[in-house]
Amino acid sequence: MQQQEIHKFLERYFHANGCEIIDKGPGYMTVQLTIDLDKELMNRPFYWHYLEKTGGVPNPMQLTLITNQQLAPAHIKGEVIHFGSPRLHQIFHSARNLAGYIRLYENHREAPGMQVPLRPWLGMNVRVSYQCDRKRDVFKSIGLQLINGQMVESFHDRLLGMSLTPKIPDYSFTLSPLIMPGSGVFRVANFIKSVIEQEEHLWADEARKRWQKDLSLLEHFYEDAEEKGESYENEKAALQEQYEPKINISIINGGLFYLTDSAV
Amino acid sequence: MTVQIGFDSAWQDEFLKRIDDDGPWGNWELYKLAVEVENHTTIPDFEGLQAPKHLPNLTPLPHQLEVAKQVVESMNGKAILADEVGLGKTIEAGLILKEYMIRGLVKKVLILVPASLVSQWAMELNSKFFIPAVAQRKSYVWEQCDVVVSSIDTAKRNPHRDIIYSLDYDLIIIDEAHKLKNNKTKNYEFVQNLKKKFCLLLTATPIQNRISEIFNLVSLLKPGHLGNESAFYENYKKDSRSLNDDAHLKELVNKVMIRNRRADTGIEWTKRHVETIPIEFSQAERELYEAVTELRGEGDWVSSSQFSVMTLQREACSSREAVYFTLQNMLKRQEQPSIAFQEQIQYLIKKVEAVQQNSKAQKALELIQNINDKVIIFTEYRATQMYLQWFLKQYGITSVPFRGGFKRGKKDWMRELFQKNAQVLIATEAGGEGINLQFCNHIINFDLPWNPMRLEQRIGRIHRLGQEKDVMIYNFATKDTVEEHVMKLLYEKIHLFEKVIGDLDDILTKLEFGSIDDHLVDIFGRSASEGEMRIKMENLTSMIQFAEDMKEGGLNAATGNS
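If you're matching them up, the sequences are chains A and B in order. Numbering-wise (full-length UniProt numbering), the first sequence opens with residue 1 and increments by one. Numbering-wise (full-length UniProt numbering), the second sequence opens with residue 1 and increments by one.
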């Protein structure tokens, strides 16, 4: 992520959370936090607890973030933000945390007077992690139409091309799902699993070989010992944790999307 | 073979609940941002290092990056990092730790370091690597914090020990791991029973280890890598002169150990200038030294009193205070000292009292005034340390003491004082390890340790990455004393200063001559006379010379074969 991208990202994040950017210039910004975002980011539970008990006037903090030290004027004091900074990762985490679940409607432009049916879709963005003593991740976005069971990939990219709104637009009605959301999640999970199962898993075979090799070394080491003892069991368990290949599917976010027939 | 696939069902439960409750629903813009974050933070490849992208304030050196990559990609996260002193092993360990944390392979981390380095490690991980490492001070820290730095002596004691054993660590880092070379110690046993998924052992001096020490260290990291105990000794100890076996062992060890040398790094190191400064005793000092030396012939009371004449001689070369302190102790140790013994001690104390000035201290003062910059003085004796502090103060020179026995906080504080307020730091031997003082470039060795490895560690405190100036080393040696003998035989004849000592030890180990350390203990500790000492010393010198010839010969043979 370039510094410029980070700057844009932060602006959008604060804007989306209803915070006012009270001062900004090249390479920096000062944000007036809302009460909610102060609680989210500033880690001062005692202050907020005290305030709620005493009924005082809340005074959320201002935060100055410097995204480019060369560009920012010298007198600006603030936190320097870069791709590895804990503050940025806290904000990353917060974005994921605050928008885990969503429901949106397509803001269609059909002629007024016509009632437009909107079909329910389940959208899920997931991370698939392939893990042994090393790890790699793959991002997948799956959409499932909850009436006919149609499944599409890169669903998120399709959504990005549409106009979406949290309130149902005028002259629209939603069709009831035939597939319940719970079983929809189940279908998506099974779909992803079946795709994974068809992949070649050379990495896992390699990891198992490394595991087996270290395991046989361990056996050899304790060969002469009558009582293998705790350290042997520990080592054995540690080798399993180190090498055992595993695939984990975790959900970043997802929700219900009501879309026109022509949308997907 | 299929791979087990896990699916996180927590999301689903909450999702269904929100459908039932009709919300609350997230904001579309934030939802999109979360996906963008995901795209920036997924790591699509098993290979490659992510950590450098996260560390804009740190520019790792090429050899450090190479080490990190090698450990993660081809050593499966278990390695002995054995770079020479001052090449940045902490940076390497930090890079590896960071890499695993970014990839989500490591969360819970235990870092065991010497007590004097605990705060420094915690501070460096926080400031250089943005890793929230916490120095262990309260017992709840073990459970509440993910990355904990502690000394091994604290960790191995209860209640800490039980808590640590009950936790599952993903990565264990042990600094100064050469202290774990003996598998009969409590520390070794403690570390052996830790569950080590990923593990880094850091040491600057594994090469001086005997073959058994290498075996113990590697077996801690990866049991069985060098075979089991009986098989290992059968193969290597009895038959270790067979070069094929050695080459094979070396290859095995290299699979779990990385060692960069200064010369390999391609970095331009600042130079070392070593100057030997001969010291002339005053008349009174000479008399004290002679009086102490004569003790050797005075019957058996000296040898039975645990204090060797050699110790007293060395002390006489350092300061009268050091001698006095030892004499007092000798008196106290005897429950019922004989009259003759008391008289003997009194006679020596008279000689001590007759000494009015310290020739070395005078010389040191002169040097410090000329240097007019920060200076570190190393001495082996606490009494000398105290005396020097007092002495320098008489001349308006500020100094701070430094000892191994200081608590962690005090060490940090002394280092800080030295950097900001004082001109001189006076350290005793035990204080030599584990502080980094690269803002200073002058060392005075007030008296010399009789183990070149220790000397290397002293110099390593300042001659390390971050040192911008040439390093000046002044060695004091009093003329016509044991000290001068050591100086001549050990340091000048063998040119150990300019050499990397590891090389020599390496060769000696291969030839089964034993480590230099052991030889020196024998020569200086057990010799009955200076004559015997000289003969043994010459023997060692010729062994070293032979070893060096062998090394060159070996190189020639190797090139001849290829």
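C-beta atoms are modelled at their ideal positions from N, C-alpha and C, and glycine is treated no differently.
- Between the alpha carbons of GLU321/B and ALA383/B lies a gap of roughly 6 Å.
- With its beta carbon less than 9 Å from one in chain A, TYR31/B belongs to the interface.
- Close CB contacts of PHE232/B within its chain, under the 7 Å cut and outside five residues either way in sequence, are with PHE215, LEU226 (chain order).
- Residues of the segment 42-71 of chain B whose Cβ lies closer than 7 Å to any Cβ of chain A, in chain order: THR42, ILE43, PRO44, ASP45, PHE46, LYS53, HIS54, LEU55, PRO56.
- Residue pairing by DSSP puts PRO401/B in a beta bridge opposite ILE426/B.
- The DSSP-derived three-state label of ASP412/B is helix.
- Beyond the five residues adjoining it in sequence on each side, ILE22/A comes within less than 6 Å, by CB distance, of THR30, GLN32 in the same chain, given in chain order.
- DSSP, read as helix, strand or coil, puts LYS246/A in strand.
- Within the DSSP bridge table, the entry for PRO117/A names PHE173/A as partners.
- Taken in chain order, the unbroken stretches of alpha helix (DSSP H) that lie wholly in the segment 53-108 of chain B and span 4 residues or more are 62-73, 89-102.
- Proximity of ASN228/B to chain A, defined by a Cβ-Cβ separation below 9 Å, is satisfied.
- Our two residues, TYR28/A and PHE14/A, have alpha carbons roughly 14 Å apart in a direct line.
- Between TYR100/B and PHE190/B the beta-carbon gap is near 23 Å, outside 8 Å, which marks them as no contact.
- Listed in chain order, the non-local C-beta contacts of GLN12/B below 8 Å within the same chain number zero, local neighbours out to five positions each way being set aside.
- For a cut-off of 8 Å, the C-beta gap from SER150/B to VAL118/B is around 7 Å, short enough to register as a contact.
- If you ignore the 5 residues before and after GLY78/A, its C-beta comes within less than 7 Å of the C-beta of TYR28, THR64, LEU65, ILE66, all in its own chain and listed in chain order.
- Sorting ARG458/B, PRO449/B, HIS463/B by C-alpha distance to the C-alpha of GLU483/B places PRO449/B at the top.
- Residue environment for ARG109/A: exposed (fewer than 16 other C-beta atoms within 10 angstroms of its C-beta).
- According to DSSP, GLY227/B shares a beta bridge with GLY224/B.
- The segment 133-151 of chain A makes no contact with the segment 14-27 of chain B; the number of CB pairs closer than 8 Å stays below 3.
- Taking 8 Å as the cut-off between beta carbons, the residues of the segment 194-205 of chain B near chain A are LEU194, LYS195, LYS196, LYS197, PHE198, in sequence order.
- Under the DSSP assignment, PHE198/B falls in the beta strand (DSSP E) whose first and last residues are 198-202.
- Membership of GLN2/A in any alpha helix (DSSP H) is not indicated, and neither H nor E is assigned to it by DSSP.
- Using beta-carbon distances, TRP203/A counts as an interface residue toward chain B, with a partner under 9 Å.
- Using a C-beta cut-off of 8 Å, the segment 88-99 of chain B makes no contact with the segment 24-41 of chain B, since fewer than three inter-stretch Cβ pairs fall below that distance.
- Between THR165/A and LEU122/A a beta carbon distance of about 18 Å is seen, past the 8 Å cut, so the two are scored as non-contacting.
- A residue is called buried once 16 or more other Cβ atoms fall within 10 Å of its Cβ, and PRO62/B, having fewer, is exposed.
- When the five nearest sequence neighbours on each side are left out, the beta carbons in the same chain lying within less than 7 Å of the beta carbon of GLN419/B are those of PHE439, in order along the chain.
- For LEU367/B, the enclosing alpha helix (DSSP H) begins and ends at 359-371.
- Three or more beta-carbon pairs separated by less than 8 Å link the segment 254-263 of chain A to the segment 91-105 of chain A, which places the two stretches in contact.
- Shown here for TYR243/A: same chain residues with a beta carbon closer than 8 Å to its own, the five before and five after excluded, namely CYS132, ASP133, ALA207, ARG208, ARG210, TRP211, ASP214 in chain order.
- Counting along the chain, the unbroken beta strand (DSSP E) around GLY25/A starts and ends at 20-25.
- Boundaries of the alpha helix (DSSP H) harbouring THR293/B: 283-294, taken from the DSSP string.
- In the DSSP annotation of this structure, the continuous segment of the alpha helix (DSSP H) that includes LYS393/B starts and ends at 382-394.
- Sequence-distant partners of SER94/A (beyond 5 residues in either direction) whose C-beta falls short of 7 Å from its own C-beta, in its chain, are GLU40, LEU41.
- Judged by DSSP secondary structure, GLY6/B falls within the beta strand (DSSP E) whose first and last residues are 4-7.
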